[in-house]
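S.K.: Below is one structure. I have some questions about it.
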Amino acid sequence: MRREGIANRRVTPLSAPFQLPHPQALRIPCVLMRGGTSRGPFFLERDLPSDPAARDRVLLAAMGSPHMLQLDGLGGGNSLTSKVAIVSRSSRPDADVDYLFAQVAVERAHVDLSPNCGNMLSAVGPFAIEAGLVPALDGETIVRIHNRNTGALIEAAVQTPGGVVAYDGATAIDGVAGTAAPIKLGFLEAVGSKTGALLPTGCAREEIDGVPVTLVDYATPMLLLRASDLGLAGDETPAELDANAALLARLEGLRREAGRRMGLGDVAGRVIPKVGVLSPARRGGSLTSRYFTPDRCHRSHAVTGALCVAAASRIAGSVAAEMLSPGIGSLIAVEHPSGAIQVDLALDAAGQVARASLVRTARRIFEGNVIVPASAILALAERAETGGELTHDDHAPPSLQPDHGRSGQHLPA
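Following my numbering, the numbering of the sequence shown begins with 40 at its first residue and continues without gaps.
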């Protein structure tokens with residue numbers, strides 16, 4: 040087992056800083072990948088500290104947070120490019136791999152494990168195959184993914200002609216330039232991802248501060264409301280919406296009350312529930328959505344958010360159902376600022392959503408080691424020791440256990 044330059048160092052819990060008598064850089068293997076309309080480093084769980092607080096400090100330093108541009112790390116100064124995927128062999132007999140998603144805040148020292156990211160999820164299958172966690176078949180390989188954030192099981196169909204992952208192809212997705220090989224994602228257990236129920240309050244429609252809303256949890260918890268109730272047309276650009284400080288403040292107030300009603304507690308500073316501002320379709324789709332992350336409008340749309348909006352559109356009396364174009368079948372096209380995302384819903388005999396699937400693409404961009412300065416990790420530890428801001432979402436799942444049976448660089452906990 041290689042431990043280059045870290046033989047005398049220990050990764051310790053948040054209450055005790057790293058013991059690094061001779062600060063040097065840590066070299067941690069990773070692969071930078073685009074998944075759907077997001078991008079971030081993919082790590083094997085065994086290469087990160089098993090202690091959650093120590094792992095968070097490493098991720099913050101690797102991404103260059105907190106800094107508005109993340110100049111000193113891999114982040115791109117935007118929530119869509121400040122995401123991390125952690126992958127390991129699965130702890131479940133019905134899955135091949137475990138996937139833990141981490142949303143790393145850009146300007147705060149905060150790592151949030153409460154949501155899933157369906158866009159990053161689309162790159163988990165190719166990464167797992169090329170990391171040797173799943174054997175590739177000739178033609179197409181199904182990778183069964185257990186999402187640790189929500190407990191959901193997802194099947195990813197990856198193109199593997201000749202037993203090799205194919206990234207080139209003719210599939211285009213809105214929000215990404217060019218074309219690539221299709222990756223079909225089938226969500227098998229998406230109902231009640233964080234709350235345990237499709238309608239956490241038991242209502243298809245209710246009011247918050249006089250605004251009709253639908254509180255729904257399919258793949259991710261969301262607050263859905265009509266653009267017209269906010270004085271919006273619904274087709275505004277993300278830049279226009281982000282510049283509307285009064286609107287963002289109003290949405291945050293509604294979102295916090297929605298979180299309380301959904302049983303999520305105080306959601307201030309957390310990224311769930313997300314917000315979907317809905318209006319009728321304009322370009323031949325099913326309906327239009329402006330998806331908030333939640334403090335900014337998404338430049339396209341999150342996969343989990345599109346699944347939630349699509350599922351909500353099939354709930355009689357919901358805000359989403361009201362916006363749905365007439366004559367729409369099982370294929371729901373959610374229009375967003377960069378185009379549309381299509382969700383194929385399979386309904387059971389009662390008309391309830393039994394399964395949802397969609398197509399994404401991915402690209403392997405860079406592979407090697409991210410070099411994490413020990414000084415950056417020490418600074419984060421010292422900030423926590425002195426009471427400075429270093430937060431971790433308290434709804435995070437337990438940390439994954441390291442796989443000591445495989446070779447590679449390990450950081451002791």
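Backbone N, C-alpha and C define an ideal beta-carbon position, used for all residues, glycine too.
1. Quick one, which of Leu363, Thr327, Ala307, Pro376 has its alpha-carbon nearest Arg338's?
2. Ala385 lies in the beta strand (DSSP E); which residues open and close that run?
3. For my contact list, Ser121 and Val143 are in at a C-beta cut-off of 8 Å; report their separation, rounded to the angstrom.
4. With a cut-off of 8 Å, do at least 3 Cβ pairs link the segment 379-397 to the segment 337-356?
5. Measure the C-alpha to C-alpha separation of Ser104 and Asp95 and round it to an integer number of angstroms.
6. Among Asp133, Lys233, Ile311, Gln109, which residue has its Cα nearest to the Cα of Gly294?
7. Is the number of C-beta pairs between the segment 400-413 and the segment 219-230 that are closer than 8 Å three or more?
8. Restricting to Cα atoms, I'd like to know which of Phe331, Leu237, Arg73, Leu269 is closest to Gly249.
9. To which residues of the same chain is Leu286 closer than 7 Å at the C-beta, ignoring the five residues directly before and after it?
10. Residues bridged to Tyr330 by DSSP?
11. Inspect the beta-carbon positions of Ala167 and Leu98 and report whether they are closer than 8 Å.
12. Could you give the C-beta distance for Ala420 and Thr253, rounded to a whole number, given that I count them as a contact under 8 Å?
13. State the DSSP-derived secondary structure class of Arg265, mapped to helix, strand or coil.
14. From Arg66 to Met159, what does the alpha carbon distance come to, in whole angstroms?
15. Any contact between the segment 363-378 and the segment 316-332? By contact I mean 3 or more CB pairs, one from each, below 8 Å.
16. Three Cβ pairs or more, each shorter than 8 Å: is that satisfied between the segment 146-155 and the segment 178-191?
17. Any idea what DSSP makes of Glu228, helix, strand or coil?
18. Run through the DSSP bridge pairs and tell me what Gly74 is partnered with.
19. Report buried or exposed for Thr234, applying the criterion of at least 16 other Cβ atoms within 10 angstroms of its Cβ.
20. Is Ala92 near Val411, with beta carbons less than 8 Å apart?
21. Tell whether a beta-carbon distance below 8 Å holds between Ile193 and Leu224.
22. Going by C-alpha to C-alpha distance, which of Ala148, Gly202, Arg147, Val150 sits closest to Val173?
23. Is the distance from the Cβ of Ile184 to the Cβ of Val136 below 8 Å?
M.R.: Let me spell this out:
1. Pro376
2. Looking at the DSSP string, the run of the beta strand (DSSP E) that includes Ala385 is 378-386.
3. 5 Å
4. yes
5. 11 Å
6. Residue identity check: residue 294 is Arg in the sequence provided, not Gly. When each option's Cα is compared against that of Arg294, the closest is Ile311.
7. yes
8. Of the listed residues, the one whose Cα sits closest to Gly249 is Leu269.
9. Leu269, Leu280
10. Gly315
11. no
12. Not confirmed; about 43 Å, so no contact.
13. strand
14. C-alpha separation (whole angstroms): 23 Å.
15. yes
16. yes
17. coil
18. Bridge partners of Gly74: Ser77, Ala401.
19. buried
20. no
21. yes
22. Gly202
23. yes
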